[in-house]
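**Student:**
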Amino acid sequence: MADYDTNDLEYWDAKICEKAEEFGLSCYPQEFEICDHFQMLGYMAYSGMPSHYPHWSLGKAYEKLKTFYDYGVSGLPYEMVINVDPARAYLMRDNSLALQILTIAHVYGHNDFFKNNFTFKSTRAEFVLATFKVHADRVRSYIEDPSVGLEKVEAVLDAAHALSFSCRRNSAIRKLSRKEQEEQILEAAKAPVDIFGRIHKRPQYVEPDLHKVPLQPEEDILLFIRDYNPRLSEWEKDLLTIAHEEAQYFIPQVETKIMNEGWASYWHREILNSLGLPEHLHLEFLVRHSQVVRPFPRGLNPYHLGLRIWDKLYLQYGGTPRTPEEESLIARMEAEDDYTKPHDIAEFSSADEKLFAVRMADRDVSFLRQHLTEFMMRALDMFQYEPLGEDLVVTKVSDRASWREVKETLLKNIGMGSTPVITIEDADHGGNRILFCKHAHDGRDLQLEYAEKTLAYLFKLWGHEVVLQTTFGNKHVSFMYGDRGFSTKSVK
Amino acid sequence: MRGLFRPYSSSDSLRSDRSAGDRLRHRRKVRKSIQENIVDLFAEESIIGKNRDKIIKVPIRGVKEYRFIYGENTPGVGQGDGNARPGQVVGKTQEEGQGVDKAGDQPGVDYYETDVTLDELIEIMFEDLELPDMERKTLREIPAERISKREGYRRVGIRVRLDKKRTVKRKIRRELSAKRMTEGAGEEWDEKKRFPFHQDDLTYRHLVEGIRPESNAVVICIMDTSGSMDTMKKYLARSFFFLLYQFVSTKYRNVEIVFIAHHTEGREVTEEEFFHKGDSGGTFISSGYHKALEVIKDRYDPILWNVYAFHCSDGDNFESDNPAALKAAKELCEAGNLFGYGEIKPLGSRYYESSMLNIFRRIEEKNFQAMLIERKEDIWSSFKAFLAKDKTAEPA
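Put into structure tokens, the structure is as follows:
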């Protein structure tokens, strides 16, 4: 059994907190719950929330996790921490003391990130638990309502889940009200200032159509349907709102996975190295740490990638090398011509200050775009693979000629980049209340089966035919879903 | 700054049971999905005649959570061990997504396996099938096996049946009462004194012998293995035989299976040979029937055995053999509960190939059924039609 008790954890927690404050981490109050593997599986399936509305997909998540766990395909995480204020973390009871110390320090890293990174500002951490609880209560009340019932609720939730991530990605950009959009459109319709206006023919003024719905392409599909489908009943609208809000809660985590895991790993390493752990604990920590941040062959380990970039930033901004490896890394970077002093180095009094600024102001895409350099890509041996028949084949490696392309592919595939951008263009297409949508094609085609089924859900929610314009196999096509099911049409 | 620790409490583990309802509904969906794909499932593995406790891996394609995702031709980025070179193969595409290791980190691909025992699978299969309960003729139930059943306890018995727990209990009870007696009499009870077992403490389990009536059935699979039967046709036949065997197994306790392959000559073969070895040459359907009749006569007396015979062929029989085939088919109907003929003609081919269906139309026996199987989807419906003809199921 465990080689520690709660007193040990509290003892080490106090030391860790002391160090964390010394290093400058700024955290929410932290709560830890010790749980066994059943509880952990339960929390994982329900995204760590003590209260969550029921849906079969969560049962599926549970079964899947449990099957993988039972057959040893994947273990359970040592901890799980959720973005709420005060922060909540679950620690596995079976962890050894060394592992608990490591995870506690790791949790404070995440906690600091949740509190300070800009993407999490919109999640309103202090209300999250209550919001999830209220959502759960409302969904349950619809299930218990004899005029609604479980089946109808699940059917609407199925459809809502299918579309909940088709939404605005950057919550830092304010959504314009209809009024503001109108003003913007009127402004845009005005003739541009022309200093040679007197000798030019006067451009004809085309009056913009201010009755169009939506005025500007709309990314929040669920909210749009909620607001513009008059036939939905109140409980249906509410379910759409709930699904939308839940997705909003998760998007920041999707958007910062690499930074966040790298950040937590960076600080658990720094904290544990400074704790003066007894030798047996320290040795186990070293082993566990390298297990966590090791590269996955042929995959991408966010812990590894994130940590490597944070380490590089530290060195670049004048951090003192902490190990012989880091010294040789500097030497190699200098040799590879990748060690140019950053232009903004004067703005930061220390390397740590830069790190803290980055953890506040970046997300994975911007983080990697700025800091994943050619040298890094090569050091990490990053490659691009593409399907060829039945195999996935390496097509590009990070050599001088194609590292940029590999990097672009990577940037496209992280965070919300792996979710296609679908916008609603017109809610009354052809005067028939047909919902006309566009897929912003960036070289990647939609998966056809999934597109068909998702359109079926969209049709169900909208209540009229839906059309999605996209590019498929280098052809412009429209996918349509209506009363007679799915059809496609090529577009000129 | 200090963390707050909530110690582990095991009662909390009951909380994970909040997933019970969600799990149940998911399971129902999985079950439904298995039911829909069942024809695909049993065609893949050699499971005919296998032990019903055998665990088979069932790929679950079913319960996907759809959303807009990118297709499979999307390039991805990975990390090598320092030696990545263009042209290296780093994995498989997810078309049939065998890899469990990848399934976990690819949100779009929901493809995993679940373990189901064959028994469960069959239960699922027959779940939506409302069939008349096949009556077993009393004559055909024979005492098969002597079984022993536990029934009560005895003071005497043989050593192996000694019930240790009950014996010790009796001893303790005796000890306590002795103690109370002693103390009641005002004497001192010596705890240290050994208190041995007594003959009366010994308790033995008692067994009674009984006889279990057994019902027997034999499934005779006859298949045309002539040159014209290609893989697709065999695959369809195999699916049908599988269903038949499994169905009969749910109804009878002791089911045997006989494989008879024929071209111009019938012979008994193993399952392996039956499905995987092709012969060449022409077809005498009667040869297979004669062989079946011979097997029935030698080993499966219709008085003791329920006989289910089924023949799959593409109907490409030599004309000269037709009268003999017709006659033998009638005899098979006499001998068995049910005799069926399935003509396998992959879609379209029936227009230019000869057919036995017309000839077998002349059979008037009520327990005969001839049907046309053109594609996978037909199997289930033909199967249902076939069983509806069961002779024993008719009202007396």
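First to last, the protein sequences are chains P and C.
For the first sequence, numbering that gives the first Met the number 0 begins at 0 and goes up steadily by one.
For the second sequence, numbering that gives the first Met the number 0 begins at 0 and goes up steadily by one.
Think of the CB as a built atom: it goes at the ideal place given N, C-alpha and C, for glycine as much as any other residue.
Nothing here was measured: the structure is a model prediction, and the numbers come from that model.
Return yes when the Cβ of Phe382(P) is within less than 7 Å of the Cβ of Val364(P), no when it is not.
**Tutor:** Counting from 1 along the first sequence, the entry for residue 364(P) is found at position 365. Counting from 1 along the first sequence, the entry for residue 382(P) is found at position 383. No, the pair does not count as a contact, with Cβ atoms beyond the cut-off.
**Student:** What would DSSP say about Gln446(P), mapped onto helix, strand or coil?
**Tutor:** The residue you call residue 446(P) lines up with position 447 of the first sequence. DSSP places Gln446(P) in coil when its eight states are reduced to three.
**Student:** If I follow the unbroken beta strand (DSSP E) through His310(C), where does it start and stop?
**Tutor:** Position 311 of the second sequence, counting from 1, holds the residue named residue 310(C). Per DSSP, His310(C) belongs to the beta strand (DSSP E) from 305 to 312.
**Student:** Short of 8 Å in beta carbon distance, which residues of its chain neighbour Glu129(C), apart from the five on each side in sequence? Order them along the chain.
**Tutor:** Position 130 of the second sequence, counting from 1, holds the residue named residue 129(C). The predicted position of Glu129(C) is uncertain, since its pLDDT is 49 and thus under 50; no value can be drawn from it.
**Student:** Could you tell me which residues DSSP puts in a beta bridge with Leu391(P)?
**Tutor:** The residue given as residue 391(P) occupies position 392 in the first sequence. Pro386(P), Gly90(C).
**Student:** List the residues of chain P that Ser32(C) touches, going by C-beta distances under 8 Å, in chain order.
**Tutor:** For the purposes of this step, residue 32(C) is taken as residue 33 along the second sequence, with counting starting at 1. Ordered by position in chain P, no residue passes the 8 Å Cβ test against Ser32(C), which lies about 11 Å from the chain.
**Student:** Does the beta carbon of Lys431(P) sit closer than 7 Å to a beta carbon anywhere in chain C?
**Tutor:** In the first sequence, counting from the first residue as 1, residue 431(P) sits at position 432. The displayed chain sequence assigns Asn, not Lys, to residue 431(P). Output row for Asn431(P): interface = no.
**Student:** In this structure, how does DSSP classify Asn72(C) when only helix, strand and coil are distinguished?
**Tutor:** By 1-based counting over the second sequence, the position of residue 72(C) is 73. Coil, per DSSP.
**Student:** With DSSP run on the structure shown, which of helix, strand or coil describes Ala88(P)?
**Tutor:** Along the first sequence, one-based indexing puts residue 88(P) at 89. Strand, per DSSP.
**Student:** Leaving out five residues before and five after Ser45(C) in sequence, what residues of the same chain have Cβ atoms less than 6 Å from its Cβ?
**Tutor:** The residue labelled residue 45(C) in the question sits at position 46 within the second sequence. With a pLDDT of 48 at Ser45(C), under the threshold of 50, the predicted position of this residue should be treated as unreliable, though the coordinate-derived value follows. Within the same chain, Ser45(C) has no close Cβ partners at all.
**Student:** Identify whether Arg135(C) lies in helix, strand or coil by the three-state DSSP scheme.
**Tutor:** Taking the first residue of the second sequence as position 1, residue 135(C) is located at position 136. Confidence at Arg135(C) is low in this model, with a pLDDT of 45, below 50, so the placement of that residue should be treated as unreliable; the coordinate-derived value is given next. Arg135(C) falls in the coil class under three-state DSSP.
**Student:** Classify Pro386(P) as buried or exposed, calling it buried when 16 or more other Cβ atoms lie within 10 Å of its own Cβ.
**Tutor:** Against the first sequence, residue 386(P) aligns to sequence position 387. Result: buried.
**Student:** Return the chain-ordered list of same chain residues with a C-beta closer than 6 Å to the C-beta of Leu209(P), the five sequence neighbours on each side being excluded.
**Tutor:** Residue 209(P) sits at position 210 when you count from the first residue of the first sequence. Correct list, in chain order: Glu181.
**Student:** Output yes if chain P places a C-beta closer than 7 Å to the C-beta of Ile259(C); else output no.
**Tutor:** Taking the second sequence and counting its residues from 1, one reaches residue 259(C) at position 260. By this cut-off, Ile259(C) is not an interface position.
**Student:** Using a Cβ-Cβ distance cut-off of 7 Å, determine whether Glu87(C) contacts chain P.
**Tutor:** Indexing the second sequence from 1 puts residue 87(C) at position 88. At residue 87(C) the sequence reads Gln, which differs from the Glu that was named. True, the Cβ-Cβ gap to chain P drops below 7 Å.
**Student:** Could one say the Cβ of Ala83(C) lies closer than 7 Å to chain P's Cβ atoms, at least one of them?
**Tutor:** As a first step, residue 83(C) must be located in the second sequence, where it is residue number 84. Yes, Ala83(C) lies at the interface with chain P (some Cβ there is under 7 Å from its Cβ).
**Student:** At least one CB of chain P closer than 7 Å to the CB of Lys383(C): is that the case?
**Tutor:** For the purposes of this step, residue 383(C) is taken as the residue at position 384 of the second sequence. No, Lys383(C) lies away from the interface with chain P (no Cβ there is under 7 Å from its Cβ).
**Student:** To the nearest angstrom, report how far apart Thr240(P) and Thr372(P) are at their CA atoms.
**Tutor:** Looking up residue 240(P) in the first sequence gives position 241. Looking up residue 372(P) in the first sequence gives position 373. Roughly 41 Å separates the two Cα atoms.
**Student:** Under 8 Å: do the segment 221 to 230 of chain P and the segment 196 to 208 of chain P share three or more Cβ pairs, one atom per stretch?
**Tutor:** At 8 Å Cβ cutoff, the stretches do not touch.
**Student:** Output, in chain order, the set of chain P residues within a Cβ distance shorter than 7 Å of Ser406(C).
**Tutor:** The question about residue 406(C) has no answer here: the residues shown for chain C are numbered 0 through 395.
**Student:** So the candidates are Ser214(C), Gln198(C), Arg179(C), Phe196(C); which of them puts its Cα closest to the Cα of Asp189(C)?
**Tutor:** Walking along the second sequence from the start, residue 189(C) turns up at place 190. Comparing Cα-Cα distances from Asp189(C) to each of Ser214(C), Gln198(C), Arg179(C), Phe196(C), the minimum goes to Arg179(C).
**Student:** Cβ of Val263(P) less than 7 Å from any chain C Cβ?
**Tutor:** Reading the first sequence from its first residue, position 264 is the one you call residue 263(P). Checking the sequence, you will find Ala at residue 263(P) rather than Val. Chain C contact via Cβ: absent.
**Student:** Short check: CB of Val292(P) to CB of Tyr302(P), under 7 Å?
**Tutor:** The count along the first sequence starts at 1 and reaches residue 292(P) at position 293. The count along the first sequence starts at 1 and reaches residue 302(P) at position 303. Yes, the pair counts as a contact, with Cβ atoms nearer than the cut-off.
**Student:** Output, in sequence order along the chain, the residues in the segment 363 to 397 of chain P whose CB is closer than 7 Å to any CB in chain C.
**Tutor:** Per Cβ criterion, the list reads Leu379, Asp380, Met381, Phe382, Gln383, Tyr384, Glu385, Pro386, Glu389, Asp390, Leu391, Val392, Val393, Thr394, Lys395, Val396.
**Student:** Can you list, in chain order, the residues of its chain whose CB lies under 8 Å from that of Leu57(P), leaving out five sequence neighbours each side?
**Tutor:** Position 58 of the first sequence, counted from the start, is the residue given in the question as residue 57(P). Same-chain partners within the cutoff: Ala44, Tyr45, His51.
**Student:** Taking 7 Å as the CB-CB cut-off, is Gln245(C) touching chain P?
**Tutor:** To locate residue 245(C), count along the second sequence from 1; it is residue 246. It does not: the Cβ of Gln245(C) has no partner Cβ on chain P nearer than 7 Å.
**Student:** In terms of DSSP beta bridges, what is Asn253(C) paired with?
**Tutor:** For the purposes of this step, residue 253(C) is taken as residue 254 along the second sequence, with counting starting at 1. According to DSSP, which records beta bridges pairwise, Asn253(C) is partnered with Asn215(C).
**Student:** Considering only their Cβ atoms, is the gap separating Gly41(P) from Ser18(C) smaller than 7 Å?
**Tutor:** Within the second sequence, residue 18(C) is the residue found at index 19, counting from 1. Within the first sequence, residue 41(P) is the residue found at index 42, counting from 1. Contact flag set, yes.
**Student:** Tell me the rounded alpha-carbon separation between Phe126(P) and Gln183(P).
**Tutor:** For the purposes of this step, residue 126(P) is taken as residue 127 along the first sequence, with counting starting at 1. For the purposes of this step, residue 183(P) is taken as residue 184 along the first sequence, with counting starting at 1. Distance between the alpha carbons of Phe126(P) and Gln183(P) is about 34 Å.
**Student:** Any beta carbon of chain C sitting closer than 7 Å to that of Asp12(P)?
**Tutor:** Here residue 12(P) refers to the residue found at position 13 when the first sequence is read from its first residue. Answer yes: the Cβ-Cβ gap between Asp12(P) and chain C drops below 7 Å somewhere.
**Student:** Is the Cβ of Asn6(P) closer than 7 Å to any Cβ of chain C?
**Tutor:** Position 7 of the first sequence, counted from the start, is the residue given in the question as residue 6(P). Output row for Asn6(P): interface = no.
**Student:** Helix or strand or just coil, what does DSSP make of Ser486(P)?
**Tutor:** For this step, residue 486(P) is matched to residue 487 along the first sequence. Ser486(P) falls in the strand class under three-state DSSP.
**Student:** Mapping DSSP to helix, strand and coil, what is Leu3(C)?
**Tutor:** One-based indexing of the second sequence puts residue 3(C) at position 4. Strand, per DSSP.
**Student:** Listing by chain order, which chain C residues have their CB less than 9 Å from the CB of Cys26(P)?
**Tutor:** By one-based count along the first sequence, residue 26(P) stands at place 27. Near Cys26(P) (Cβ distances below 9 Å), the residues of chain C are Met0.
**Student:** Taking 7 Å as the threshold (C-beta atoms), are Ala327(C) and Ser354(C) in contact?
**Tutor:** The count along the second sequence starts at 1 and reaches residue 354(C) at position 355. The count along the second sequence starts at 1 and reaches residue 327(C) at position 328. Cβ atoms of Ser354(C) and Ala327(C): not closer than 7 Å.
**Student:** Given this structure, state the Cα-to-Cα distance separating Tyr455(P) from Gly484(P), to the nearest angstrom.
**Tutor:** Against the first sequence, residue 455(P) aligns to sequence position 456. Against the first sequence, residue 484(P) aligns to sequence position 485. A quick correction: the sequence has Ala, not Tyr, at residue 455(P). Each residue's alpha carbon lies about 8 Å from the other.
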